[in-house]
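> First residue of the sequence shown: 4, per the working numbering; consecutive thereafter.
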Amino acid sequence: MQISGSRPSALEAIFNTRIPLIGDVHLPPLPGTPRYRSETMIAIIDRALRDAEAFEKGGMDGIILENHGDIPFLKPNEIGPEIIAAMAAIAARVADAAGVPVGINLLANASLGALAIAKASGGRFIRVNQWVNAYVSNEGLVEGESARALRYRKQIEAEDIAIFADVHVKHGSHAIVSDRPVREQAGDVEFYDADVAIATGNRTGEAVPQDEISAIREGTRLPVIAGSGTTVGNASTILPLLDGAIVGSSLKQGGVWWNPVELGRVKALVEAVKPLRTGSPHDRR
């Protein structure tokens with residue numbers, strides 16, 4: 004299958020499976036952030052390795068590392084070298100140990116830093132919450148970084164690292180683009196050379212509204228995956244509409260994002276998705 008002219012599906016190239024499931028490793032607070040409590044980097048890395056191992060043992064197809072413990076998040080150009088260094092050290096160890104592709108999400112919206120971490124650690128993709136346009140977030144006004152990020156990716160010869168871009172970003176107001184429908188925003192994500200479009204709920208752990216999935220599908224030929232809210236209970240309803248999912252909170256102990264990954268929850272989700280995976284990944288559309 005070809006999309007956007009001559010571009011093959013990055014989702015198929017990276018995972019080579021129908022409806023890939025990507026486990027979200029929510030990292031604890033990193034050195035220098037307000038909630039950091041002097042945990043050693045060895046301990047932080049070990050925790051990330053345990054979560055990644057649980058995802059892989061449970062049957063997930065990929066892993067994404069996210070500095071979700073660094074609340075409150077800084078804007079991209081304010082993130083210090085200590086966070087980039089910590090993320091790179093963690094990602095290198097996880098990528099070396101994992102038998103599945105690894106991605107990076109550097110919050111908030113730090114696409115250049117995420118690309119640098121992925122390049123240094125062997126990551127295959129990054130997630131960027133605001134790839135194009137702008138929105139008002141908890142961090143203030145956040146602008147799309149696609150122009151800078153694509154040039155930087157070219158500069159460091161990292162064009163094999165795919166861009167997974169949110170279309171209608173959670174944790175913020177879309178007043179700036181409220182005059183434009185979601186399908187047009189999805190078209191913008193494709194036009195600005197993202198590789199995969201992400202549909203999300205309004206907050207971490209919230210399911211993606213089905214009408215939003217439909218609107219994104221109308222606006223882009225890119226693969227579309229869920230970026231939040233996928234659970235064992237809704238997988239059979241949501242995932243037939245999508246090409247994959249990033250899943251975090253529902254696979255943690257108690258369904259809470261900062262808790263360790265629970266192997267039984269992972270296995271249950273993978274089992275629930277199995278009936279949807281018959282056939283080739285090329286058959287999705």
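Cβ atoms here follow ideal geometry from the backbone N, Cα and C, with glycine treated the same way.
Hey, could you find the ends of the beta strand (DSSP E) Tyr138 is sitting in?
Ala137 to Ser140
> Could you pull the start and end residues of the alpha helix (DSSP H) that Ile120 belongs to?
That run of the alpha helix (DSSP H) goes Ser114 to Ser124.
> What is the DSSP secondary structure of Glu221, reduced to helix, strand or coil?
helix
> Between the Cα of Ile18 and the Cα atoms of Thr203, Gly65, Pro11 and Val199, which residue gives the shortest distance?
According to the sequence provided, residue 18 is Phe. The question's Ile does not apply to it. When each option's Cα is compared against that of Phe18, the closest is Gly65.
> Following the continuous alpha helix (DSSP H) through Val103, name the residue where it begins and the one where it ends.
For Val103, there is no enclosing alpha helix (DSSP H), since its DSSP letter is neither H nor E.
> Residue range of the beta strand (DSSP E) that Arg130 falls in?
Counted as a single uninterrupted DSSP element, the beta strand (DSSP E) harbouring Arg130 occupies residues Phe128 to Val131.
> From this set, Glu42, Gly126, Ala89 and Phe76, which residue's C-alpha is nearest Ala113's C-alpha?
Just measuring C-alpha positions, the residue of Glu42, Gly126, Ala89 and Phe76 sitting nearest Ala113 is Phe76.
> Measuring straight from C-alpha to C-alpha, what distance separates Ala98 and Gly247?
21 Å
> Select from Leu144, Glu187, Gly62 and Arg268 the residue whose C-alpha is nearest the C-alpha of Gly236.
Arg268
> How many Å lie between Ala193 and Arg224 at the Cα?
Looking at the sequence itself, residue 193 is Glu, so the reference to Ala does not match. Approximately 8 Å between the Cα atoms of the pair.
> Given 8 Å as the limit, is there contact between the segment 33 to 48 and the segment 258 to 272, that is, 3 or more CB pairs closer than that?
no
> Would you report the Cα separation of Ala100 and Leu52, rounded to the nearest angstrom?
Those two C-alpha atoms are separated by around 8 Å.
> Are the CB atoms of Ile25 and Gly106 nearer to each other than 9 Å?
yes
> Does DSSP put Glu146 in a helix, in a strand, or in coil?
strand
> Buried or exposed: where does Leu254 fall if 16 or more other Cβ atoms within 10 Å of its Cβ makes it buried?
buried
> Between the alpha carbons of Gly61 and Leu144, how many angstroms are there, rounded?
39 Å
> As a quick exercise: from Asn141, Gly102 and Pro84, pick the residue whose alpha carbon is nearest that of Leu115.
Pro84
> Leu30 and Leu68: beta carbons closer than 9 Å?
yes
> Would Ile228 pass as a contact of Pro34 if the rule is Cβ separation under 9 Å?
no
> Can you list, in chain order, the stretches of the beta strand (DSSP E) that have 3 or more residues and sit fully within the segment 18 to 93?
24 to 29 and 65 to 69
> Are the segment 180 to 187 and the segment 144 to 155 in contact at 8 Å, needing three or more beta carbon pairs?
Cβ pair count under 8 Å is below three, so no.
> So for Pro243, helix, strand or coil by DSSP?
helix
> Met63 and Val199: beta carbons closer than 9 Å?
no
> For a quick check, are the C-beta atoms of Leu109 and Ala161 less than 9 Å apart?
no
> Is the distance from the Cβ of Trp260 to the Cβ of Asp27 below 9 Å?
yes
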